[in-house]
Amino acid sequence: MDGIHDIIPEDVVQEINSALGDGDLNKATERLRESLIEIENTPLHIAVTGESGTGKSTFVNVLRDMDDEEEGSAKTGVVETTMEPTPYIHPKYPNVTVWDLPGIGTPKFVAENYLQSVEFSRYDFFVIMSSERFKENDIDLAKAIQAMDKKFFFVRSKVDNDLHASEKRRKKTYSEEGVLREIRENCVKNLIDGGITEPKVFLLSLLELDKYDLEEMQETLEKELPEHKRCMFLMSLPNISLPILEKKRQALKKDIWKFATVCSTMATASVRRSSLTCDVALLVVVMVVYQKAFGLDKESLKNLANKFGKAVDELRSVIRSPLVKQEINKEFVANLLTMESTRNLRRAQKIAGYVPVLGTMVAGGISFGVTYSMLNDYLEEIAEDAVRVLTKALE
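Last residue of the sequence shown: number 395 in UniProt numbering, and the count goes up by one each step with no gaps.
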């Protein structure tokens with residue numbers, strides 16, 4: 001259950017409320033737990049395509065938060081290196097797969113039968129890339145995707161090359177904003193002239209990811225996904241901007257009540273301190289999810305350090321929370337729960353009282369309140385440390 005984090009569908013919430021209205025606590029709790037598992041098992045397939053040489057494979061690696069030289073990364077090169085649709089599973093979120101598709105226009109993959117050749121039906125959305133102007137093949141592909149009622153977006157890559165070239169040619173009149181506006185307008189006009197209605201074009205530099213349209217692209221892709229896949233996509237995004245970290249914090253915060261409910265009503269590997277009963281094993285999973293989402297696990301810190309040319313110890317030095325520095329295991333979580341119940345019992349009772357309906361799901365509401373309070377505190381502290389770590393990396 002590694003990575004449980006999404007909005008529970010409205011119909012499931014209604015089922016839970018109905019069960020509670022009938023006084024069936026076990027049914028309500030089990031349906032909530034089933035919903036979390038269903039969300040965890042929901043696949044997300046992202047297709048990256050375009051003509052060869054546009055940076056497709058590097059973009060695949062970016063979406064998986066990997067460098068081009070890492071083991072398991074998509075192979076890159078100055079010529080077409082992708083001969084078949086190749087799946088790359090996200091290293092931290094195994095239900096997220098980014099597909100590196102062969103460049104359209106290559107002898108084996110011509111526009112007329114491209115979508116059939118790459119089995120278009122399995123993808124949630126397509127990213128069509130170009131490092132120059134979008135060409136006839138790109139437009140034909142977009143039309144075909146549109147006809148299949150699939151989502152697609154355009155990425156104009158390597159805009160840093162255009163900016164550098166323009167700066168050399170126009171030393172006195174150079175304006176980065178003006179050049180970017182010109183590139184965007186030309187791309188949009190070209191696509192509209194080709195018959196694409198309201199094309200969505202994002203300008204990116206794969207060498208300077210935190211610049212240009214990265215944040216706007218991520219927000220757009222997230223909004224276009226079905227509700228039950230949005231948070232999975234958000235959590236899988238690389239932590240390379242402060243807005244991404246904040247969106248993750250907000251998304252995870254909304255789900256604390258779900259975890260607190262399940263953890264405090266189904267104690268399989270439990271800690272019992274007077275009236276406190278919680279599923280410690282599941283809480284360990286949830287807290288590891290937080291750690292991975294914010295990139296503060298060992299492997300993520302190492303990757304971030306490599307990406308920005310920093311030492312891992314340099315990034316670790318700005319982590320302030322003693323909770324974040326600790327290894328997450330059952331003993332650690334059990335101690336946290338005990339301390340939380342001792343220090344903040346009144347706060348826990350207040351939290352339980354504020355949550356509608358759920359007070360009936362948890363005996364006395366105390367276990368729920370303590371669990372909610374502990375997870376909320378841990379989330380806030382790890383989110384703050386993630387901001388400090390990224391700020392240090394960007395220095």
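We treat Cβ as the ideally placed atom computed from N, Cα and C, and that holds for glycine.
A quick note: this is a predicted structure, and the numbers were derived from the prediction, not measured.
Other residues of its chain near residue i: CB distance less than 7 Å, five sequence neighbours each side excluded
{"i": "residue 351", "result": "Note that residue 351 scores a pLDDT of 46, beneath 50, so its modelled location is shaky and nothing firm can be said."}
{"i": "residue 183", "result": "156, 159, 162, 203"}
{"i": "residue 311", "result": "305"}
{"i": "residue 260", "result": "368, 371, 372, 375"}
{"i": "residue 274", "result": "Residue placement at residue 274 is poorly supported in this model, since its pLDDT is 41, which falls under 50; the coordinates still yield a value, given next. Same-chain partners within the cutoff: there are none."}
{"i": "residue 148", "result": "115, 120"}
{"i": "residue 238", "result": "62, 65"}
{"i": "residue 229", "result": "42, 44, 124"}
{"i": "residue 54", "result": "129, 130, 131, 157"}
{"i": "residue 336", "result": "374"}
{"i": "residue 294", "result": "239, 245, 248, 382, 383, 386"}
8 Å Cβ cutoff met for residue i and residue j
{"i": "residue 126", "j": "residue 49", "result": "yes"}
{"i": "residue 234", "j": "residue 248", "result": "yes"}
{"i": "residue 56", "j": "residue 124", "result": "no"}
{"i": "residue 284", "j": "residue 333", "result": "yes"}
{"i": "residue 200", "j": "residue 153", "result": "yes"}
{"i": "residue 324", "j": "residue 296", "result": "yes"}
{"i": "residue 44", "j": "residue 245", "result": "no"}
{"i": "residue 429", "j": "residue 198", "result": "Because the chain here runs from 1 to 395, residue 429 falls outside it and cannot be looked at."}
{"i": "residue 206", "j": "residue 58", "result": "yes"}
C-alpha distance - residue i paired with residue j, whole-angstrom precision
{"i": "residue 381", "j": "residue 321", "result": "6 Å"}
{"i": "residue 305", "j": "residue 169", "result": "35 Å"}
{"i": "residue 142", "j": "residue 385", "result": "42 Å"}
{"i": "residue 187", "j": "residue 308", "result": "31 Å"}
{"i": "residue 96", "j": "residue 72", "result": "15 Å"}
{"i": "residue 331", "j": "residue 378", "result": "16 Å"}
{"i": "residue 102", "j": "residue 173", "result": "40 Å"}
{"i": "residue 93", "j": "residue 165", "result": "39 Å"}
{"i": "residue 15", "j": "residue 68", "result": "46 Å"}
{"i": "residue 383", "j": "residue 177", "result": "32 Å"}
{"i": "residue 227", "j": "residue 171", "result": "47 Å"}
{"i": "residue 35", "j": "residue 257", "result": "14 Å"}
{"i": "residue 122", "j": "residue 150", "result": "10 Å"}
{"i": "residue 30", "j": "residue 250", "result": "26 Å"}
{"i": "residue 179", "j": "residue 299", "result": "38 Å"}
{"i": "residue 181", "j": "residue 208", "result": "18 Å"}
{"i": "residue 27", "j": "residue 225", "result": "30 Å"}
{"i": "residue 361", "j": "residue 74", "result": "Below a pLDDT of 50, predicted positions are generally treated as unreliable, and residue 361, at 45, falls in that range; the measurement from the model is reported next regardless. Rounded to whole angstroms, residue 361 to residue 74 spans 47 Å at the Cα level."}
Residue span of the beta strand (DSSP E) that contains residue i, given as start and end
{"i": "residue 152", "result": "151-156"}
{"i": "residue 66", "result": "It is not in any beta strand (DSSP E) - residue 66 carries neither H nor E in the DSSP assignment."}
{"i": "residue 207", "result": "Counting along the chain, residue 207 falls outside any beta strand (DSSP E), and DSSP gives it neither H nor E."}
{"i": "residue 44", "result": "44-50"}
{"i": "residue 255", "result": "Unbroken run through residue 255: none, as it is neither H nor E."}
{"i": "residue 398", "result": "Any property of residue 398 remains undetermined from this structure, which presents the chain solely from 1 to 395."}
{"i": "residue 118", "result": "Residue 118 -> no beta strand (DSSP E), and no H or E assigned at all."}
{"i": "residue 96", "result": "96-100"}
Chain C within 8 Å of residue i, Cβ atoms only
{"i": "residue 311", "result": "The question asks about chain C, but that chain is absent: this structure has only one protein chain."}
Own chain residues within Cβ distance below 6 Å of residue i, not counting five before or after
{"i": "residue 202", "result": "155, 213, 217"}
{"i": "residue 269", "result": "The predicted position of residue 269 is uncertain, since its pLDDT is 40 and thus under 50; a value taken from the coordinates is nonetheless stated next. 280, 281, listed in sequence order."}
{"i": "residue 46", "result": "98"}
{"i": "residue 118", "result": "85, 101"}
{"i": "residue 144", "result": "115"}
{"i": "residue 210", "result": "240, 241"}
{"i": "residue 326", "result": "332"}
{"i": "residue 354", "result": "Interpretation of residue 354 is limited by its pLDDT of 46, a score under 50 that renders its predicted location unreliable; the figure taken from the coordinates is listed afterwards. Excluding sequence neighbours, residue 354 sits near nothing in its chain."}
{"i": "residue 292", "result": "92"}
Limits of the alpha helix (DSSP H) - the one that residue i falls within
{"i": "residue 293", "result": "280-293"}
{"i": "residue 178", "result": "176-193"}
{"i": "residue 87", "result": "Note, residue 87: premise wrong, no alpha helix (DSSP H); beta strand (DSSP E) at 86-89."}
{"i": "residue 162", "result": "159-169"}
{"i": "residue 308", "result": "298-308"}
{"i": "residue 173", "result": "Run containing residue 173: none; DSSP gives neither H nor E here."}
{"i": "residue 217", "result": "214-224"}
{"i": "residue 124", "result": "Neither: residue 124 is in no alpha helix (DSSP H) and is coded neither H nor E."}
{"i": "residue 136", "result": "136-147"}
Proximity test, residue i beta-carbon vs the ligand HEM heavy atom, cut-off 7 Å
{"i": "residue 133", "result": "This structure lacks the ligand HEM, and indeed carries no ligand of any kind."}
Cβ shell of residue i (< 8 Å), same chain only, five flanking positions each side left out
{"i": "residue 388", "result": "318, 319, 320"}
{"i": "residue 329", "result": "284"}
{"i": "residue 393", "result": "304, 305, 307, 308, 310, 315"}
{"i": "residue 287", "result": "328, 333, 375, 378"}
Check: Taking three-plus beta-carbon pairs below 8 Å as touching, is the region 131-147 in contact with the region 194-202?
Finding: yes
Note to self: Would you call the region 87-100 in contact with the region 56-76, where contact means no fewer than 3 C-beta pairs closer than 8 Å?
What the structure shows: yes
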